[in-house]
Amino acid sequence: MNVRTSLLLGLALVVAFVAALIVPLRPLLGVDRQLAGAVLVELRLPRALLALTYGAMLGASGAAIQALFANPLASPDLTGTTSGAALGAVVTAYLLGFGAPIALSIGSVAGALGALLLLLALAGPKAETATLLLSGLAISALAGALTTLALALAPSPFAFYDAYDWLMGSLIDRSLDQAAFAALPAFLTIALLLRLGPALDRLALGEEVAQSLGDNVVRLRLMVICLSAFGVGACVAICGAIGFIGLIAPIFARRLTGGHPGRAILPAALIGALLLSLADLTVRLAPLGRTLPIGVVTALIGAPFFLWLVAHMRWRLSA
Amino acid sequence: MMLEASGLAIPGRLFDASLQIAAGELVCLVGPNGSGKTSLLHALAGIGRPNGKVGLDGVDPRTLGPSWKPHYLTYLPATRDVPWPLLARDLIALGGGDVAFPALELEPLLDRRMDRLSTGERSRVLIARALAPRPKLLLLDEPTANLDPLWQIRLMELVREEIAAGGRAALVAIHDLDAALRYADRVLVMDGGRIGAEGLDGQHIGEIFGIERADGEWRPVSPSADPQSLP
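Just so you know, the protein sequences line up as chains A and B, in that order.
Note that our numbering has the first sequence beginning at 1, numbered continuously upward.
Note that our numbering has the second sequence beginning at 1001, numbered continuously upward.
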């Protein structure tokens, strides 16, 4: 990634962040300054921060997971990581009855870790696309079914209604404290994932070659999985499961890094942050008279892209 | 000795192998399929969790990190598949070297993606990746596979030239017995996960494979030639 591209990406991020604070402008102008300030700090700032944080986390972990499985279709959502995290959060909140943010984070990280380890066991370290997608699909379906079961068994009659946010993802009505609960683990995780970038690039030469070059591939795999589970789990605990950002951002990012999968972690984080901020802006500006879940927006844009990607890979294989 | 290795073992595949290689030596490794050639290379390169001792100029290369290890040894696997469609240039750079070998005529290939090269072209790029860091010890698994006859000769001569530069050696697993006998200073024969014979006696090595040289060609040993099988 050259300097110009980095600057452009950074500038786009700043614009998206400022837009997230001031758009729509009208509610800020008609009221007194104190109320406008409260709207900015209490409502819009956490939401804008969460969009940046969660998007960056999804992009970075998507890039790392794709590099690890040597497969451009691996991502936190398609591997079942986010559904596993959502299951962990729902079980913690509604079955075990712990509603504190820290408990939700722990439950959700455990769920994400379980899903990723299950994927590794099912699909193996060098997963064929079909095996990876089928395993991810099975894990997502299982986690989804278990989440529904947990909600059905939950003592609270409003569990289904409450859990809607977690299942479709939402950045709305989160406090600054909650934003910090997602942001601190996410940025720590991204920083640690960035350090693994060079080793993930060497892994692109093949596992045996990477080992012969001096990399500890077993430790690398474990670190990527634990870090992704930790960062994504912490974000899911606050914002629920949001799909497709972790798939799309790394694919764009690798166009900036000449195809290097490890070097793509930083640009993928920036692009992921930008994409989720834009998706949130779409949610606010959609003239529907009510708020769309942000997961619906990312899926509506992401799913066709995913289909195109699958078709493109098929053409390339048959060519 | 430049390389001293002893007690190398990978459970079920390689049993208590010991070998020494002197600087400047090109040692070929031959043996039937599944005899442990690749496992021996893995054990030396530190792939998997091999047991045993390895000393390369007094250093165990398996303990070195990515910034040093490629200068001690590099390993070319037998597979020509690369998991990511990297550019040839980037692939060589990721291997820790920055030299594009004129002898391998890579210039037209460098800016092409690995998945768009022919198998033979890909082989040359992968070989360059192993040669570029100029390691003390080259571990090459079937380097001549997929190469046309001219490139097979050029490659083996290139490996000879490279290690002649001083303080360097190569261990090459190869199926082509004639090439092994022509280019090697020494041939090690592997059988059943152990280093069996060594030397340059083609007739003796052929016997291990169940082949013999007749009229300038290798042929399967005919059962009728064996006196014991006569009635």
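All residues carry an ideal CB built from backbone N, CA and C; glycine is no exception.
Since we're looking at a predicted model, the values are computed, not measured.
Per-residue burial, residue i [other beta carbons within 10 Å of its own, 16 or more giving buried]
i: S1229/B; result: Since pLDDT at S1229/B reaches only 48, below the 50 mark, its modelled position is unreliable, and no value is offered.
i: D1090/B; result: buried
i: F305/A; result: exposed
i: E208/A; result: buried
i: Y161/A; result: exposed
i: N1033/B; result: exposed
i: K1037/B; result: buried
i: P155/A; result: exposed
i: F158/A; result: exposed
i: I135/A; result: Looking at the sequence shown, residue 135/A is not Ile but Ser. By the neighbour-count rule (16 or more Cβ atoms within 10 Å), S135/A is buried.
i: R263/A; result: buried
i: R959/B; result: This structure cannot settle anything about residue 959/B, because the visible part of chain B is limited to 1001 through 1231.
i: Q66/A; result: buried
i: V3/A; result: exposed
i: L29/A; result: exposed
i: K1053/B; result: exposed
i: V310/A; result: exposed
i: A1022/B; result: exposed
i: L1177/B; result: buried
i: I238/A; result: buried
i: E1142/B; result: buried
i: D77/A; result: buried
i: G1046/B; result: buried
For residue i, the nearest candidate out of the options (CA to CA)
i: L1181/B; options: M1156/B, P1133/B and R1124/B; result: M1156/B
i: G1007/B; options: M1001/B, S1018/B and V1082/B; result: S1018/B
i: M313/A; options: L68/A, L11/A, T129/A and Y94/A; result: T129/A
i: L276/A; options: M1/A, R4/A, G124/A and L13/A; result: L13/A
i: R290/A; options: I190/A, I172/A, T257/A and A183/A; result: I172/A
i: L58/A; options: A150/A, L266/A and L203/A; result: L266/A
i: D993/B; options: G1202/B, S1222/B, R1213/B and M1190/B; result: Nothing in the structure corresponds to residue 993/B, since chain B is present only between 1001 and 1231.
i: A60/A; options: F69/A, V232/A and R221/A; result: V232/A
i: G240/A; options: S108/A, G62/A and G206/A; result: S108/A
i: R1168/B; options: Y1183/B, I1153/B, L1131/B and D1215/B; result: L1131/B
i: A249/A; options: D77/A, T79/A, V236/A and G272/A; result: G272/A
i: F181/A; options: Y54/A, V297/A and A16/A; result: Y54/A
i: R1129/B; options: G206/A, V91/A, A74/A and A112/A; result: G206/A
i: A103/A; options: V296/A, V91/A and L116/A; result: V91/A
i: S83/A; options: G99/A, Y164/A and T5/A; result: Y164/A
i: P293/A; options: F17/A, D280/A and I301/A; result: D280/A
i: D177/A; options: I106/A, F17/A, P101/A and V224/A; result: P101/A
i: L167/A; options: L188/A, V236/A and L116/A; result: V236/A
i: R1122/B; options: P1083/B, L1158/B and L1139/B; result: P1083/B
i: L203/A; options: S75/A, V15/A, F69/A and W315/A; result: F69/A
Sequence-distant residues of the same chain with beta carbon closer than 6 Å to residue i, five excluded per side
i: A110/A; result: G88
i: G197/A; result: G262, R263 and I265
i: L118/A; result: I139
i: G99/A; result: A93
i: F187/A; result: none
i: L256/A; result: M1, T5 and P267
Close-in-space but distant-in-sequence residues of the same chain around residue i (CB under 8 Å, 5 per side omitted)
i: S175/A; result: E42 and P46
i: L95/A; result: A150, L153 and A154
i: G10/A; result: L270
i: T131/A; result: L122, A123 and G124
i: A299/A; result: G243 and F244
i: L1087/B; result: L1110, D1111, R1112, R1113 and M1114
i: D201/A; result: A67, H260, P261, G262 and R263
Cβ neighbours of residue i in the same chain (closer than 7 Å, five flanking residues each side left out)
i: H1204/B; result: A1197
i: I1010/B; result: S1039, H1042, A1043, G1048 and P1050
i: L49/A; result: A179 and A183
i: D1185/B; result: E1025, L1026 and V1027
i: S170/A; result: C239, G240, P293 and I294
i: L1064/B; result: Y1072
i: P1133/B; result: P1070, H1071, T1074, G1095, G1096 and G1097
Requested in this report: May I have a chain-ordered list of the alpha helix (DSSP H) segments no shorter than 4 residues that lie completely inside the segment 1057–1123 of chain B?
Outcome: 1069–1072 and 1088–1094
Report the start-end ranges of each beta strand (DSSP E) in the segment 1002–1042 of chain B that is 3 residues or longer and not cut off at the edges. 1003–1010, 1014–1021 and 1026–1030
Quick one: which unbroken beta strand (DSSP E) runs of 3-plus residues sit fully inside the segment 194–227 of chain A? Chain order, please. none
**Request:** Report the residue ranges of all alpha helix (DSSP H) runs contained in full by the segment 121–176 of chain A; include only those spanning at least 4 residues, in chain order.
**Result:** The segment 121–176 of chain A contains these whole alpha helix (DSSP H) runs: 129–153 and 159–168.
* Asked: Taking contact to mean at least 3 C-beta pairs separated by less than 8 Å, is the segment 1020–1027 of chain B in contact with the segment 1161–1169 of chain B?
  -> yes
Would you call the segment 1146–1154 of chain B in contact with the segment 1112–1121 of chain B, where contact means no fewer than 3 C-beta pairs closer than 8 Å? yes
> Contact between the segment 220–234 of chain A and the segment 281–288 of chain A: three or more CB pairs below 8 Å?
Replying inline: Taking 8 Å as the limit for Cβ pairs, the verdict is that the segment 281–288 of chain A does not touch the segment 220–234 of chain A.
Any contact of the segment 211–224 of chain A with the segment 141–153 of chain A, i.e. 3+ C-beta pairs under 8 Å?
no
Check: Name the residues in the segment 1088–1115 of chain B whose C-beta lies less than 8 Å from a C-beta of chain E; which are they?
Finding: Protein chains A and B are contained in the structure displayed, whereas chain E is not.
If we require 4 or more residues per run, which alpha helix (DSSP H) segments fall completely within the segment 50–114 of chain A? 81–90
Unbroken stretches of the alpha helix (DSSP H), 4 residues or longer, contained in the segment 1125–1193 of chain B:
1149–1164 and 1177–1183
Contained alpha helix (DSSP H) runs [length at least 4] in the segment 236–292 of chain A, N- to C-terminal order: Runs of the alpha helix (DSSP H) lying entirely within the segment 236–292 of chain A, each at least 4 residues long, are 245–256 and 265–285 in chain order.
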